[in-house]
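Peer 1: Mind looking over this structure? Questions follow.
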Amino acid sequence: MTIWNLGSINSDHFYRVGHLPAPGETVLSAGMERGLGGKGANMSVAAARAGSHVSHIGAVGTDGQWAIDRLTEYGVDTRPIAVLDTLTGHAVIALDDAGENHIIVFPGANREISRDAVGLALAEATPGDILVMQNETNQQAFAAETGSKLGLKVAYAAAPFSAEAVTAVLPYLDILVLNHIEMAQLVEETGLLPGPKLGVDTVIVTKGAEGCVLYDRKNGWDAIGFDAIRVDAVDTTGAGDTFTGYFLAGIDRGMGAEDAIELAIKASALMVTRQGTADVIPDLKEVLDWS
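Okay, structure coming up:
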């Protein structure tokens, strides 16, 4: 089986600061590092490191071959990634001493993916494969509809949140992952709570250090809570992406939702003890051996 990821690829620029700047405030950075990032790339690396075969559908600019090479090194199938005559997406990340962040993202090539590229990639998918998307690319609604017609299990991580983007893919979703703020925004915009009217079989609401809540059809939509693992966080960037990638890899391997969530919680907890994004996502052995 394959996890197909229509996902962003960014060059992440990290700036370590003593505190996050307030509006109008200028702060000095103690250093700068560049790494592979983007919610899509993070999820692809996480799922690949969790043991799944992952094929990434996306785009970089002419300055982005290094990102394709890095994804390949991490075990991701990069053949569906296009190189376009534009700039690779990038993110400016300010990271404070408590591990919290401010992030500014320039989409670049991530918003210029062609419909033909998505269609050609998904033509190789087989029923039962998983398709995941986030809101950092274009072509999401087309991919979701195509994936649903092909018999794929369609998942969506609703970040950065847009009610318009979520409602466009809702009719085709099997799995929806979003944080508690995004869930509140979705309810405010649509009036829909996890359940039959939302129409998504599995909904996971993450709550950061407070864990997450699972709502799914199998359990009659009853809320099932999961505690987070308490750690000293160094950097929370990419933790949610690691969670989603590991969760989908667990589902891909035939795990139930509850067991896949427990694995994903452990992976994301280990992730926040490290500084960086895709480059520091732990592999499955590290997660299983970590206590």
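The numbers in full-length UniProt numbering rise by one with no breaks, and the one at position 260 of the sequence shown is 260.
No residue lacks a Cβ here, since even glycine has one placed at the ideal position from N, Cα and C.
Which residue marks the beginning of the beta strand (DSSP E) containing GLU33, and which one marks its end?
Peer 2: 31–37
Peer 1: Could you pull the start and end residues of the alpha helix (DSSP H) that PHE247 belongs to?
Peer 2: 239–252
Peer 1: Does DSSP put ASN135 in a helix, in a strand, or in coil?
Peer 2: In the three-state reduction of the DSSP assignment, ASN135 falls in the coil class.
Peer 1: Between which two residues does the beta strand (DSSP E) harbouring TRP4 extend?
Peer 2: 2–6
Peer 1: What are the boundary residues of the alpha helix (DSSP H) that includes SER148?
Peer 2: 140–149
Peer 1: Please name the residue, chosen from GLN134, LEU150, GLU100, that lies closest to GLU124 on a Cα-to-Cα basis.
Peer 2: Nearest option by C-alpha distance: LEU150.
Peer 1: So that I know if they touch, is there some Cβ in chain C lying closer than 8 Å to that of GLY250?
Peer 2: The structure shown contains no chain C; it is built from a single protein chain.
Peer 1: In the DSSP assignment, find the beta strand (DSSP E) that holds LYS153 and state where it starts and stops.
Peer 2: 153–157
Peer 1: Between the Cα of ALA228 and those of ALA209, GLY245, THR62, spot the shortest distance and give me the residue it belongs to.
Peer 2: Of ALA209, GLY245, THR62, the residue nearest in Cα terms is ALA209.
Peer 1: Given ILE103, which residues of its chain have a CB within under 6 Å of its CB, disregarding the five upstream and five downstream residues?
Peer 2: Same-chain partners within the cutoff: ALA91, ILE93.
Peer 1: Taking only the alpha-carbon atoms, compute the straight-line gap between GLU25 and ARG115 and give it to the nearest angstrom.
Peer 2: 42 Å
Peer 1: Determine the DSSP secondary structure at VAL261, reduced to helix, strand or coil.
Peer 2: At residue 261 the sequence reads Ile, which differs from the Val that was named. Helix, per DSSP.
Peer 1: What three-state label does DSSP hand GLY172 in the structure shown?
Peer 2: It should be noted that the sequence gives Tyr, not Gly, for residue 172. Three-state result, TYR172: helix.
Peer 1: Rounded to whole angstroms, what's the CA-CA distance from ALA233 to ALA239? Just pull it up for me.
Peer 2: Distance between the alpha carbons of ALA233 and ALA239: 10 Å.
Peer 1: Check each candidate in ALA143, ASN110, VAL76, LEU178 and name the one with the smallest Cα separation from VAL118.
Peer 2: ALA143
Peer 1: Run through the DSSP bridge pairs and tell me what GLY64 is partnered with.
Peer 2: The partner list for GLY64 (beta bridge, DSSP) is empty, contrary to what the question assumes.
Peer 1: Could you check the C-alpha separation between ILE224 and VAL45 for me, to the nearest Å?
Peer 2: 28 Å
Peer 1: For TRP221 and GLY195, which I take to be in contact (beta-carbon distance under 8 Å), what is that distance rounded to the nearest angstrom?
Peer 2: 5 Å
Peer 1: How is GLY195 classed by DSSP in three states: helix, strand or coil?
Peer 2: coil
Peer 1: So THR78 packs on ALA109, CB below 8 Å; how close in whole Å?
Peer 2: Actually they do not touch by this definition, with Cβ atoms about 14 Å apart.
Peer 1: By Cβ distance below 6 Å, which residues in the same chain neighbour LEU263 in space, the five residues on each side in sequence not counted?
Peer 2: TYR246, GLY250
Peer 1: The beta strand (DSSP E) that contains GLY104, what's its start and end?
Peer 2: Sequence check: residue 104 is Ile here, not Gly. 101–106 is the span of the beta strand (DSSP E), which, as asked, contains ILE104.
Peer 1: Which word fits ASP241, buried or exposed, when buried means at least 16 other C-beta atoms lie within 10 angstroms of its C-beta?
Peer 2: buried
Peer 1: If you count every other CB in all the chains shown that lies within 10 Å of the CB of GLY38, and 16 or more means buried, which is it?
Peer 2: buried
Peer 1: Verify whether the separation of the beta carbon atoms of ASP283 and ARG49 is less than 8 Å.
Peer 2: yes
Peer 1: Check whether the Cβ atoms of VAL231 and THR273 sit closer than 8 Å, and answer yes or no.
Peer 2: yes
Peer 1: Is it the case that the Cβ atoms of VAL132 and LEU28 are separated by a distance below 8 Å?
Peer 2: no
Peer 1: Just to check my reading of the structure: GLU258 and LEU288 have Cβ atoms closer than 8 Å, yes? What is that Cβ distance to the nearest angstrom?
Peer 2: Actually they are not in contact, since the Cβ atoms of GLU258 and LEU288 sit about 17 Å apart, beyond 8 Å.
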